[in-house]
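Data block below; observations after.
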Amino acid sequence: MPIKAVRGVRDILPAESPRWQRVEAAGRSVFEAYGYREIRLPLFERTELFARGIGEATDIVQKEMYTFEDRSGDSVTLRPEATASLLRAYIEHGFQVQPKPVRLYTMGPMFRYERPQAGRYRQFHQADVEALGETHPAVDAEVIAMLMDFFGALGLADRLELHVNSIGDAGTRPAYRARLLDYFAPRSGELCPECRGRLDRNPLRVLDCKTPGCQPVIEKAPSILDSLTAEAAEHFERVRACLDAMGIAYTVTPRLVRGLDYYVRTTFEVLTTELGAQNAVAGGGRYDGLIEQLGGPPDPGIGFAIGLERVVLLLGDEASAAAPVAVLIPLGDAALSRLLGIAREARRRGARVELGYGTRKLQRELERTNRLGAGFAVIVGDDELARGQALLREMKSGAQRGVPLEGLADELVGLAARPGAAR
Ligand code: ATP
Ligand code: MG
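Numbering (my numbering), first residue to last: 9 to 431.
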């Protein structure tokens, strides 16, 4: 029996790659326009980094991590998210001496042991962006604006909803936690078993539950916005004023607390109604205090992660990779040696051309040219070679004309530059 890929892990096939490239390119160009620079991080870290950086009580650390001992007996974990690694690197390389905010982004695979379904995988990809060292509310608003500009660049803005909230600061939490417990304790019978466990560990997490049965109870829970300290309330107000100044539409959703332990003040999520239960396309928030908790300077931070699989799913079936502009068909070895150099020159100048090897019948080569979707076939047999000519055949019309071999590379480059060159 042939070996198959691991459950929840998928190949991104060539038909899908152009969409991935578009998404990644949109990310790079939008993030870089806002002054973010790319950092490339390792795929695995010491387990304790995630335990400390994400929070022991989170679903991720409790049950989703790929953790193993390496051969020297150290416990390492495939990264389930990028923020902890990025902050580790920020501290390790002394980024705090750079002008603040330090703006960094990264993209790549993440690993979580989850139940695989459409839009939820065990290896998936995120684009992750972090602004470090600045608490000004305008930073929060600009980070959110950049996220929405990313979706705008992909033409997805109209199909997504932006939700924002503040979950307050250290002064907010104890009071709100007490109010939540007062509310949930007499209703715990209506919650799922997991939420009953969360009530002990972290009642805020109940607000994040996706179980339909819990929703009626969650919907009537007290709002965290009523428990904000004056300082946290003012910060949130100013974030919203900056968003308004940029004309960014959003909904304030007081129950949006996010799954990670480290968030304070601003949190936000981008949701779609098109992917069923996998409705979160991106999420983020502020995490002042986390860098210090990881042994670094007392620098604040804010960031977000975009789930790239879900973005690609939203893009649907767009036109796939460009076909070659032409397939060069030598009929025999002499023609092949002449065409090898011409093909190479055309490619060096950016034309996408394919070359046959002179071993198949012309009819087969033309069929193959059709299947590849090439616009033209260039046929060179012994007769053509003797005359220093190639036969250029337009596949759609079947029209043929002679082109001097001398000028063939130029001709191919010119054809490739025409709009709609390949079919
Ligand atoms: P969800 O509620 O869907 O589990 P999350 O809150 O766990 O999401 P984050 O940790 O905030 O997700 O990660 C940011 C984004 O990464 C999510 O909004 C989602 O688009 C994507 N994402 C998270 N987990 C997966 C996964 N297992 N497969 C595919 N994408 C994922
Ligand atoms: Mg999750």
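For each residue, glycine too, the CB sits at the ideal point set by N, CA and C. Since the model is a prediction, treat every value here as computed from it, not as a measurement.
Burial state of residue i (16 or more Cβ within 10 Å)
i: Ser-80; result: exposed
i: Leu-21; result: exposed
i: Ser-196; result: exposed
i: Gln-408; result: exposed
i: Tyr-365; result: exposed
i: Thr-219; result: exposed
i: Val-214; result: buried
i: Ala-424; result: buried
i: Pro-1; result: Coverage of the chain is limited to positions 9 through 431, which leaves residue 1 absent and any answer about it impossible.
i: Leu-38; result: The sequence as given places Val at residue 38; Leu does not occur at that position. That one is buried.
i: Ala-178; result: exposed
i: Val-272; result: buried
i: Arg-372; result: exposed
i: Ala-13; result: exposed
When the options are compared against residue i, the one with the closest alpha-carbon
i: Ser-231; options: Gly-255, Arg-248, Glu-392, Ala-186; result: Ala-186
i: Lys-369; options: Gly-340, Arg-352, Arg-356; result: Gly-340
i: Pro-306; options: Glu-142, Arg-54, Cys-200, Val-411; result: Glu-142
i: Leu-86; options: Thr-66, Thr-261, Ala-97, Tyr-121; result: Tyr-121
i: Val-320; options: Arg-54, Cys-200, Arg-128; result: Arg-128
i: Tyr-270; options: Pro-308, Asn-287, Leu-251, Ser-235; result: Pro-308
i: Glu-72; options: Gly-16, Glu-32, Pro-109, Trp-28; result: Gly-16
i: Leu-233; options: Leu-95, Ala-241, Glu-227; result: Ala-241
i: Glu-282; options: Asp-391, Ala-359, Leu-215, Arg-318; result: Arg-318
i: Met-403; options: Gly-383, Glu-198, Glu-32, Pro-109; result: Gly-383
i: Asp-82; options: Glu-53, Glu-100, Lys-108, Gly-292; result: Glu-53
i: Leu-155; options: Gly-396, Phe-312, His-133, Leu-140; result: Phe-312
i: Ala-4; options: Gln-134, Ala-342, Asp-19, Ala-165; result: The question about residue 4 has no answer here: the residues shown for the chain are numbered 9 through 431.
i: Tyr-42; options: Ala-149, Glu-414, Ala-385, Arg-18; result: Ala-149
i: Gly-406; options: Asp-391, Ala-385, Ala-290; result: Ala-385
Nonlocal neighbours in the same chain, by C-beta distance under 6 Å from residue i, ignoring five residues either side
i: Met-254; result: Ala-153
i: Leu-188; result: Pro-211
i: Ala-229; result: Tyr-191
i: Ala-146; result: Cys-250
i: Ala-285; result: none
i: Phe-244; result: Ser-174
i: Leu-416; result: Ile-350, Ala-398
i: Ala-139; result: Pro-109, Arg-111, Val-147, Val-151, Ile-310
Contacts around residue i, its chain only, beta-carbon distance under 7 Å, and the 5 residues preceding and following it disregarded
i: Tyr-44; result: Arg-111, Leu-112, Tyr-113, Val-137
i: Phe-119; result: Tyr-74, Leu-86, Arg-87, Pro-88, Arg-130, Gln-131
i: Pro-194; result: none
i: Leu-347; result: Leu-336, Pro-338, Leu-363, Val-388
i: Phe-58; result: Val-69, Met-73, Thr-85, Pro-88, Ala-92
i: Ala-34; result: Phe-158, Ala-161, Leu-162
i: Leu-49; result: Ala-90, Ser-93, Leu-94, Ala-97, Thr-114
According to DSSP, residues forming a beta bridge with residue i
i: Gly-83; result: At residue 83 the sequence reads Ser, which differs from the Gly that was named. DSSP, once it has assigned bridges, lists Glu-77 as partnering Ser-83.
i: Glu-362; result: Val-335
i: Ile-314; result: Ala-135, Ala-290
i: His-171; result: Thr-259, Glu-277
i: Ala-398; result: Val-411
i: Ala-385; result: Val-335, Arg-401
i: Phe-52; result: Leu-86
Neighbourhood of residue i by C-beta, 8 Å cutoff - its chain only, sequence neighbours within 5 removed
i: Thr-259; result: Glu-169, Leu-170, His-171, Val-172
i: Cys-200; result: Cys-217, Thr-219, Gly-221, Cys-222
i: Ala-126; result: Leu-283, Gly-284, Gln-286, Leu-321
i: Glu-77; result: Ser-83, Val-84
The ligand ADP heavy atom lying under 7 Å from the CB of residue i
i: Asp-67; result: With respect to the ligand ADP, the structure shown offers nothing to examine, as its ligands consist of the ligand ATP and the ligand MG.
Say whether the stretch 276-291 touches the stretch 162-177, bearing in mind that this needs 3 or more beta-carbon pairs closer than 8 Å, one atom from each stretch. yes
Taking one C-beta from the stretch 367-382 and one from the stretch 330-344 each time, how about it: are there three or more such pairs within less than 8 Å? yes
So, does the stretch 49-64 touch the stretch 89-99, judging by three or more C-beta pairs under 8 Å? yes
Are the stretch 294-312 and the stretch 97-106 in contact at 8 Å, needing three or more beta carbon pairs? yes
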